[in-house]
Every structure is written in C-alpha cells, then in structure tokens.
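Novice:
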C-alpha cells in the first residue's frame, strides 16, 4: 500500500507556512518523484502543474491553493482520474463579510458621500426587509445568509441544484434567474465561473433590477458584461454596483468605472493574503490529516463541473 504521508510541494519557492501546514497534518515533504500527493501553490500555472502530473503518474491527489480553479480547469479535466481538492469554502466568512459591507455602503450611498467633498442631500435605501437575489449556493452564500439574518430580507438564492438553505426565503434553479432578478433591490454574485456563468449579468438582466438596486460582485469579474454594466450605470438605470472583482482585472486606470459615481471598487480584497494564510493553512493541514487517516477530504472538485 502506498505511503499516503509522502506529499510534495511545488513549484519551487513555495511559502514556508504551507510547508508547516503539510507537516502539521502529519506528512513528510518529499520530491514529486517520491510523492503520492501534491500541494500545488502557484495561483496560475496550469502548464507547470500539467508537466508535474504528466511526469509523475503515481500522484493521485492534488490540493489547489484557492477556491476558484478556472486557471486549472483544463488540467483538472485532463487528469480527472486523480482526486482534486481546492480552497472551496475556506474563504467564505471574510468574503461574505466584505459582500455585506459593500451592500451597505452601496445602498446607503457611502461612496457618493465620500466623493462629494461637501454637505449634500441625504439619499439611500434600506437593506432591512429588502428583496435580495444571491447567485450561487456555496459557502459564501451560506455565510452571507447568516449575516443577513438580522435584516429580515426576502432572499432568493439561485443555484444549479436547488435545495433548501438556512436563511433563504426560497432557493430556485437557474431557469428562474430572471424572476429572481426582477425588481430585486440587491443582487450578490457568489458563484463559480464556468462557461455557463460567464456574462450571466448582461444588459437585459441588469435592466430587470429595481431602479435603486445595487449589484455586488465578490465572485469573478467575468460574470458581468463590463460594457453593459458601464452603460447601465452611466444611464442611471440602476442604483449602482460594488465590485471586488472586475473584467478586465486589474481594471485599467483610465476605465470609466473608476470615475462612475454609482460604482464602488475594491481591488480584489474580500480575502487578503493576511486573511488567507491561517485559513488555507488549516485547510491544507486538515486535508493532509484526513488523507492519511482515510477520511473524506474537504473542498472536493468536480472535474466535469469545473469547480
């Protein structure tokens, strides 16, 4: 029986804290040629990962570093016989907290007030009792639903596989997305990026929202058609957008969204490195421990679904 405690870290230059997490789970760090498991630490290097796996067919488990695996989707599908795990669910709490902060800042016009430079007329919309649509039914949504509890919102969650979620008024399938968006005051994007969800919010769907509504994106920038959002904001058709992610990313310095008064942008900081280190360390440590103990791993990736 192979020694499941032999784990490789790659590529070279991996941060020391990840090595400590692997050893903390009870494993020995070895070269890829001696390993049965691999903790891959590059955010985006699919060619490098593919080369390691092609050269070491005995590696049967790969841990990827972040929740979104879109840079590696093709490699995962090409090596679907292996077990894949990622940071899925690890960053749910800080990202949900950021989503709530952006929602409140937008609905309460904090961005506009901060830019005005003078005492101005009061405007804003309550989150209390608001109609909310959340796209995606993963860990971020579960955390956000808990945070929204005191606001008594009417929340519709749209997900690929509808099933009840604590704190949601209703959970519906993707075929009911338009109905969920129609008249919503707040829309939060917290779903995986796949070919099916790329551009899921285009002009037609943005125009379904209430006139004072805000869109919050803490998922991936490509979920929104940026040109359509820019136009809808410029025309004042919705209340605004609060974006932690953009397409393209980084957003060019001269992009009109930077000066759009109805837009708040944070530079992909819903989960910072300082926040991520203890969370990802614990995920790696626990998955190494579980693998050695023969227990179910956390954050399993479905190669066919792409997340």
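In our numbering, the protein residues as written are 3 to 309.
All residues carry an ideal CB built from backbone N, CA and C; glycine is no exception.
In chain order, which beta strand (DSSP E) runs of at least 3 residues are fully inside the region 187 to 253?
Specialist: Entirely contained in the region 187 to 253, the beta strand (DSSP E) runs reaching 3 residues are, in chain order, 188 to 191, 216 to 219, 242 to 245.
Novice: For residue 213, which of 70, 127, 89, 6 has the nearest alpha-carbon?
Specialist: Of 70, 127, 89, 6, the residue nearest in Cα terms is 127.
Novice: Tell me, to the nearest whole angstrom, how far the beta carbon of residue 308 is from that of residue 196; I am working on the premise that it is less than 8 Å.
Specialist: Residue 308 to residue 196, Cβ: 5 Å. Contact.
Novice: Ignoring anything shorter than 4 residues, give me the alpha helix (DSSP H) runs that lie fully in the region 83 to 119, in order along the chain.
Specialist: Listed in chain order, the complete alpha helix (DSSP H) runs (minimum 4 residues) inside the region 83 to 119 are 94 to 109, 112 to 118.
Novice: Using CA atoms only, rank isn't needed, just tell me which of 244, 267, 243, 123 is closest to residue 254.
Specialist: The shortest C-alpha separation from residue 254 is found at 267.
Novice: When the Cα atoms are used, what is the spatial distance from residue 41 to residue 302?
Specialist: Spanning the two alpha carbons is a distance of roughly 14 Å.
Novice: Any idea what DSSP makes of residue 181, helix, strand or coil?
Specialist: In the structure shown, residue 181 sits in a helix (DSSP, three-state: H, G or I).
Novice: DSSP puts residue 11 in a beta bridge; with which residues?
Specialist: Answer is 41.
Novice: Confirm, please, whether the CB-CB distance from residue 74 to residue 48 is below 8 Å.
Specialist: Yes, the Cβ-Cβ distance between residue 48 and residue 74 is below 8 Å.
Novice: What is the residue span of the alpha helix (DSSP H) that residue 51 lies within?
Specialist: Taken as a continuous stretch (DSSP letters only), the alpha helix (DSSP H) holding residue 51 covers 48 to 57.
Novice: Taking Cβ to Cβ, would you say residue 98 is nearer than 8 Å to residue 145?
Specialist: Yes, they are a contact pair.
Novice: Just tell me which of 135, 100, 259 has its CA closest to the CA of residue 185.
Specialist: For residue 185, the nearest C-alpha among the options comes from 135.
Novice: If you draw a straight line from the C-alpha of residue 189 to the C-alpha of residue 79, how long is it?
Specialist: Cα-Cα distance, rounded: 31 Å.
Novice: Taking the straight line between their C-alpha atoms, what separation do you get for residue 24 and residue 223?
Specialist: Going from the Cα of residue 24 to the Cα of residue 223 covers about 32 Å.
Novice: Can you list, in chain order, the residues of its chain whose CB lies under 6 Å from that of residue 77, leaving out five sequence neighbours each side?
Specialist: Same-chain partners within the cutoff: 48, 51, 52.
Novice: Do you know how far the Cα of residue 43 is from the Cα of residue 16?
Specialist: In a straight line, the C-alpha of residue 16 is about 6 Å away from that of residue 43.
Novice: So residue 162 and residue 176 are supposed to be a Cβ contact under 8 Å. How far apart are they, rounded?
Specialist: Right, their Cβ atoms sit about 6 Å apart.
Novice: Whole angstroms are fine: how far does the CA of residue 198 sit from the CA of residue 305?
Specialist: When rounded, the distance between both Cα atoms is 15 Å.
Novice: Three or more beta-carbon pairs under 8 Å between the region 28 to 38 and the region 53 to 70, yes or no?
Specialist: Output reads yes: the region 53 to 70 touches the region 28 to 38.
Novice: Using a Cβ-Cβ cut-off of 7 Å (strictly less than) and excluding sequence neighbours within five positions of residue 293, which residues of its own chain qualify?
Specialist: Answer for residue 293: 6, 39, 63, 299, listed in chain order.
Novice: If you compare alpha carbons, which of 125, 172, 142 is closest to residue 133?
Specialist: Comparing Cα positions, the closest option is 172.
Novice: Whose C-beta lies closer than 6 Å to the C-beta of residue 248 among residues of the same chain, with five residues either side of it excluded?
Specialist: Counting only Cβ-Cβ distances below 6 Å, and skipping sequence neighbours, we find 223.
Novice: In whole angstroms, what separates the C-alpha of residue 30 from that of residue 279?
Specialist: Residue 30 and residue 279: Cα-Cα distance of roughly 20 Å.
Novice: If distances are taken between C-alpha atoms only, which option among 260, 276, 238, 192 comes closest to residue 211?
Specialist: Residue 211 has its Cα closest to that of 238, out of 260, 276, 238, 192.
Novice: Which partner residues does residue 156 have in the DSSP bridge list?
Specialist: 133, per the DSSP bridge assignment.
Novice: Quick one, which of 202, 218, 259, 234 has its alpha-carbon nearest residue 209's?
Specialist: Ranking 202, 218, 259, 234 by Cα distance to residue 209 puts 234 first.
Novice: Expressed to the nearest angstrom, what Euclidean distance is found between the alpha-carbon atoms of residue 138 and residue 107?
Specialist: Each residue's Cα considered, the two are about 22 Å apart.
Novice: Using a Cβ-Cβ cutoff of less than 7 Å, which residues in the same chain neighbour residue 174 once the five nearest sequence positions on both sides are dropped?
Specialist: Once the five neighbours on either side are set aside, the close Cβ partners of residue 174 are 158, 160, 164, 182.
Novice: Under a three-way DSSP split, which group does residue 275 fall into?
Specialist: The answer is helix: DSSP assigns residue 275 an H, G or I state.
Novice: Work out the CA separation of residue 125 and residue 111 for me, nearest whole Å.
Specialist: When rounded, the distance between both Cα atoms is 7 Å.
Novice: To the nearest whole angstrom, what separates the beta carbons of residue 27 and residue 285, a pair I think is in contact under 8 Å?
Specialist: Going by Cβ atoms, the distance from residue 27 to residue 285 rounds to 10 Å, so no, they are not a contact pair.
Novice: How would you write the range of the alpha helix (DSSP H) that residue 264 sits in, first residue to last?
Specialist: It is not in any alpha helix (DSSP H) - residue 264 carries neither H nor E in the DSSP assignment.
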